[in-house]
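Visitor: Its first residue numbered 0, the sequence shown is counted upward by one per residue in numbering that gives the first Met the number 0. From the three backbone atoms N, C-alpha and C, an ideal C-beta is built for every residue, glycine too. What follows is a structure written as structure tokens; I'll ask about it next.
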Amino acid sequence: MPKNYNQRLACALAGIDPRVYRRRPSRPEETELRERLKELSGERRRLGYRRLHRLLGREGWQVNWKKIYRIYREEGLTVRKRGGRKVAIGTRAPMSIPQGPNHRWSLDFVSDSLSDGRRFRVLCVIDDFSRECLACVVDTSLSGQRVGRELDSTVRTRGYPCIVISDNGTELTSSAILRWQEDRKVEWHYIALGKHMQNGFVESFNGRLRDECLNEHLFANLRHARGLISAWHTDYNHHRPYMSIDGLTPREYHQRSVKDQTLM
Numbered sequence: 000m001p002k003n004y005n006q007r008l009a010c011a012l013a014g015i016d017p018r019v020y021r022r023r024p025s026r027p028e029e030t031e032l033r034e035r036l037k038e039l040s041g042e043r044r045r046l047g048y049r050r051l052h053r054l055l056g057r058e059g060w061q062v063n064w065k066k067i068y069r070i071y072r073e074e075g076l077t078v079r080k081r082g083g084r085k086v087a088i089g090t091r092a093p094m095s096i097p098q099g100p101n102h103r104w105s106l107d108f109v110s111d112s113l114s115d116g117r118r119f120r121v122l123c124v125i126d127d128f129s130r131e132c133l134a135c136v137v138d139t140s141l142s143g144q145r146v147g148r149e150l151d152s153t154v155r156t157r158g159y160p161c162i163v164i165s166d167n168g169t170e171l172t173s174s175a176i177l178r179w180q181e182d183r184k185v186e187w188h189y190i191a192l193g194k195h196m197q198n199g200f201v202e203s204f205n206g207r208l209r210d211e212c213l214n215e216h217l218f219a220n221l222r223h224a225r226g227l228i229s230a231w232h233t234d235y236n237h238h239r240p241y242m243s244i245d246g247l248t249p250r251e252y253h254q255r256s257v258k259d260q261t262l263m
């Protein structure tokens, strides 16, 4: 005569974990979501679950961020933190937000090396309003004259900025740059020595460039470096939404602001 056992006892007698017995199989749509999340995480290894959630949303996935976080943790996709830096003690005043495109550009250099040990530099030019990277120039040498030429090239497609912010490095305080400022009637502001957060927008961009591109690749030669950095640059401008600019990509935010100004 069959006996009636409760679920826990029956599982114990059969040697089955009750959680396995109770677990329902994943729904087909969650299986697809898991696979897509793993694909995106593999393509963009340095992005956390919040940015991956925004990218999935742009693809049409209507899913709560908490669900993404759960799957993200279950699949072991957590981004490993790199070595931290010392944090300065003290108060910091927030940077003012520009009111429109070309209100303020910021410039800085990032350095890295090729596989044979040769050093190269990247000149980064950012529109602080849209966070768009206007130029990402890779070369072994970037003099003041070269910086001026690259700025002129950017100006031809974007117009002149009201103000440019940079540190007081040798190239950016050279006679070539001083002449560029005077001839183009562009105000140039140099941050205080050692106060990198006075140029926080480009510093933030530099951190992403290093973390997501420079630290992820071994560059065989300068051509290889230019190709990979250019691809990352394009992806950053056109496919990377940010909550600080209404969930749009830098390029989308720029285009919307230009359209709004035209209608005013």
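Which full runs of the alpha helix (DSSP H) of 4+ residues lie inside the segment 135–178, going along the chain?
Guide: As far as the segment 135–178 is concerned, its whole alpha helix (DSSP H) runs of at least 4 residues are 143–157.
Visitor: Return helix, strand or coil for R91, following the three-state DSSP convention.
Guide: Note that R91 scores 40 on pLDDT, short of 50, meaning its location in the model is unreliable and no value can be drawn from it.
Visitor: What number of angstroms, rounded off, separates the C-alpha of N101 from the C-alpha of D126?
Guide: N101 and D126: Cα-Cα distance of roughly 6 Å.
Visitor: Do L55 and G211 count as a contact pair if the criterion is CB distance below 9 Å?
Guide: For the record, residue 211 in the displayed sequence is Glu; it is not Gly. Not a contact, by the Cβ cut-off of 9 Å.
Visitor: So, does the segment 58–74 touch the segment 219–238, judging by three or more C-beta pairs under 8 Å?
Guide: Judged by Cβ distances under 8 Å, the segment 58–74 makes no contact with the segment 219–238, as fewer than three pairs qualify.
Visitor: Cutting at 6 Å between CB atoms, please list the residues of its own chain near L76, excluding the five before and the five after it.
Guide: Answer for L76: S40, listed in chain order.
Visitor: Using the C-alpha atoms, what's the distance from G147 back to R118?
Guide: Taking the straight line joining both Cα atoms gives about 22 Å.
Visitor: Which residues bound the beta strand (DSSP E) around D111?
Guide: That run of the beta strand (DSSP E) goes R103 to S112.
Visitor: Rounded to whole angstroms, what's the CA-CA distance from L227 to G14? Just pull it up for me.
Guide: Near 53 Å, if we compare the C-alpha coordinates of G14 and L227.
Visitor: Is the Cβ-Cβ distance between S129 and H253 less than 9 Å?
Guide: Closer than 9 Å, so yes.
Visitor: On a CA-only basis, which of D182, S142, G143 and E170 is nearest Y159? Give me that one, please.
Guide: When each option's Cα is compared against that of Y159, the closest is D182.
Visitor: Taking DSSP's pairing of strands, which residues face C123 in a bridge?
Guide: Paired residue(s): D107 and C135.
Visitor: Please determine if the segment 173–181 and the segment 198–214 are in contact, where contact requires at least 3 C-beta pairs separated by less than 8 Å.
Guide: No: the two stretches stay apart, fewer than three of their Cβ pairs being nearer than 8 Å.
Visitor: Let me know the secondary structure DSSP gives H265 once reduced to three states.
Guide: Lying before the first or after the last residue shown, residue 265 is absent from the chain, which here runs from 0 to 263.
Visitor: Report yes if the C-beta of G56 is less than 8 Å from at least one heavy atom of the ligand ATP; otherwise report no.
Guide: Annotation note on the ligand ATP: not contained in the displayed structure, which lists no ligands.
Visitor: Are the Cβ atoms of D138 and R120 separated by less than 9 Å?
Guide: Yes, they are a contact pair.
Visitor: Helix or strand or just coil, what does DSSP make of R49?
Guide: Three-state DSSP puts R49 in a helix.
Visitor: In this structure, how does DSSP classify Y71 when only helix, strand and coil are distinguished?
Guide: Helix.
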